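Heads up: the structure comes next, in structure tokens.
2 protein chains.
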Amino acid sequence: MAKTSHATGLHRASLAKLNELDAALELMYYGWRGMTLEADAYLAKQGLSRPHHRILYVVARRPDIAIGALIEILGISKQAVNRPLNLLLERKLLTSKRSPEQHRSKLLRLTEAGRRVEQRASDHERNVMREAFDRVGASGAAGWMGVMEAIADNN
Amino acid sequence: MAKTSHATGLHRASLAKLNELDAALELMYYGWRGMTLEADAYLAKQGLSRPHHRILYVVARRPDIAIGALIEILGISKQAVNRPLNLLLERKLLTSKRSPEQHRSKLLRLTEAGRRVEQRASDHERNVMREAFDRVGASGAAGWMGVMEAIADNN
DNA sequence: TTCTAAAGTCAACATGGTTGACATGAGATG
DNA sequence: CATCTCATGTCAACCATGTTGACTTTAGAA
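First to last, the protein sequences are chains U and S. Letter by letter, the first sequence follows residues 1 to 155 of my numbering. Letter by letter, the second sequence follows residues 1001 to 1155 of my numbering.
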């Protein structure tokens, strides 16, 4: 299970710290990479990538979401959503149907296959998080959540 | 200072949690975005972006680094490094010189202007981190570091 | 019937990354 | 000296992900 840092050609650099908080910046960078690495590799095997996963993730948690709402949550333009979304529909990982009362909006849902891909990709990420939380215990996990909430709400 | 979540077109989605750890995945996503948001806006004003900042960041902490070592730390191909690196040299944010004893390698250094840009961009990120750490206190900060180290070393 | 909002589509473009192929410059070795 | 090798530089082709702008289609609402 121990992967070498060279597998990705990337390793946590031993850089001189110019500032007390430099370690935090680097941890954020390599932490993000560390969490997404295996999930991205899995997605790539399926011919998918991060934007596809983001769509599947959101639709899994908001069945019958309209495209407009999806676009707002993803924070990208409808044109940017269009390509990955169409691929997911073609590949039958998603279905879209007109709402009975709101025919304007198309409502998105995962198919069984879509649910499976979403779960497996997200599982890779959750496993990384679970291992990390296990290593530091409940209080460390709570600290992590507190910091990340503060950062996330900075936008 | 309070920015609306709509400024970016992106907001923390109120998504149903299918899994206990979903909150952690979302926090990582929005946390990364939150930390880099202001720095990216500053860099964009300078006509620069994240890859330029990464180069400046590394060279600031490893003066006289050779290009090959830089490539390895960044984890991208030399061709991908080439364009942003050349821009930084043209803009005189970086200098390169042949090493006296190792003429093969070019050694990179920041100019004063480069140091200034690097500091300002990194300051935006550090400020976000500092505020978050202040909000949760030392034990929370320690927990955050522990979790992020575990994740970062997962690669 | 006409107005409007949601969705879809098309074109052009920027950026950041990839591989592959090849040129150059300079130390190392026969 | 000649040649080998390695670090670097450069060029071309390509792909993915995003952008803006312009336009069409669809269908509910006025």
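Every residue gets a Cβ at the ideal spot worked out from N, C-alpha and C, and that includes glycine. It should be emphasised that the depicted structure is a prediction, and the values quoted were computed from it without experimental measurement.
Alpha helix (DSSP H) containing residue i: first to last residue?
| i | result |
| --- | --- |
| L89 of chain U | 78-90 |
| T1036 of chain S | 1022-1045 |
| L1070 of chain S | 1067-1074 |
Could you tell me how far apart the beta carbons of residue i and residue j are, in whole angstroms, since I believe they sit closer than 8 Å?
| i | j | result |
| --- | --- | --- |
| V58 of chain U | G1143 of chain S | With 8 Å as the limit, V58 of chain U and G1143 of chain S do not qualify as a contact, their Cβ atoms being about 28 Å apart. |
| A1060 of chain S | E1118 of chain S | 5 Å |
| A121 of chain U | A39 of chain U | 5 Å |
| N19 of chain U | R1050 of chain S | That pair is no contact at about 19 Å. |
| I1071 of chain S | V1081 of chain S | 5 Å |
| R1054 of chain S | L1037 of chain S | With 8 Å as the limit, R1054 of chain S and L1037 of chain S do not qualify as a contact, their Cβ atoms being about 16 Å apart. |
Taking the continuous beta strand (DSSP E) assigned at residue i, which residues delimit it?
| i | result |
| --- | --- |
| R62 of chain U | Careful: R62 of chain U lies outside any beta strand (DSSP E) and carries neither H nor E. |
| L110 of chain U | 106-110 |
| L1094 of chain S | 1094-1098 |
When the distance is taken between beta carbons, is residue j closer than 8 Å to residue i?
| i | j | result |
| --- | --- | --- |
| L1056 of chain S | G1114 of chain S | yes |
| L1107 of chain S | K1097 of chain S | yes |
| A1024 of chain S | G34 of chain U | no |
| Y29 of chain U | H124 of chain U | no |
| L1110 of chain S | L1089 of chain S | no |
| L1015 of chain S | R62 of chain U | yes |
| V147 of chain U | A1150 of chain S | no |
| M145 of chain U | L1085 of chain S | no |
So is the beta-carbon of residue i under 7 Å away from any non-hydrogen atom of the ligand GTP?
| i | result |
| --- | --- |
| N1127 of chain S | Annotation note on the ligand GTP: not contained in the displayed structure, which lists no ligands. |
Below 9 Å between beta carbons is the criterion; list the residues of the stretch 1024-1054 of chain S that meet it against any residue of chain U, in chain order.
A1024, L1025, E1026, L1027, M1028, Y1029, Y1030, G1031, W1032, R1033, G1034, M1035, T1036, L1037, E1038, R1054
Along the stretch 1121-1147 of chain S, where does the CB come closer than 7 Å to a CB of chain U? Name the residues.
S1122, E1125, R1126, V1128, M1129, R1130, E1131, A1132, F1133, R1135, V1136, S1139, G1140, A1141, A1142, G1143, W1144, M1145, G1146, V1147
Residues of the stretch 75-94 of chain U with Cβ closer than 7 Å to any Cβ of chain S, in chain order:
G75
Under 8 Å (Cβ pairs) to chain U, residues found in the stretch 1061-1072 of chain S
R1061, R1062, E1072
Under 7 Å, CB to CB, which of the residues in the stretch 103-119 of chain U have a partner in chain S?
none
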